[in-house]
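Residue numbers (our numbering): 12 to 96.
Ideal placement from N, C-alpha and C gives every residue a C-beta, glycine not left out.
The structure displayed is predicted, hence computed values, not measured ones.
Comments concern the structure below.
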């Protein structure tokens with residue numbers, strides 16, 4: 012996950028609608044079922060999906076009243092904390 016991408020996607024959600032990301036995630040998840048994809052291609056798709064889910068989570072936190080910067084930091088701390096376990 013990359014914080015600048017999550018931040019950018021969060022702004023996209025604010026400017027447009029989260030439905031765009033939800034539908035894009037669905038398309039990318041469907042693509043992962045293509046048997047001819049290489050591991051590297053699956054990794055890229057997985058990274059995109061992860062960043063989009065991260066942006067949706069950050070958007071939810073800001074929608075619940077958290078400051079955007081604080082939401083981004085909270086999300087990344089949670090991600091890093093889960094990696095350390």
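Cβ-Cβ distances below 7 angstroms link residue 69 to 17, 21, 82, 83, 86 in the same chain, with the five nearest sequence neighbours on each side left out; the list follows chain order. The alpha-carbon of residue 44 is positioned some 15 angstroms away from that of residue 35. In this structure, residue 24 keeps its C-beta atom at 8 angstroms or more from the C-beta atom of residue 40. Using a 10 angstroms sphere on the CB of residue 92, the tally of other CB atoms stays under 16, which defines it as exposed. In the displayed model, residue 44 falls within coil according to three-state DSSP, outside both helix and strand. Of the residues 31, 57, 76, the one whose Cα lies closest to the Cα of residue 13 is 57.
Rounded to the nearest angstrom, the gap between the Cα atoms of residue 75 and residue 38 is 27 angstroms.
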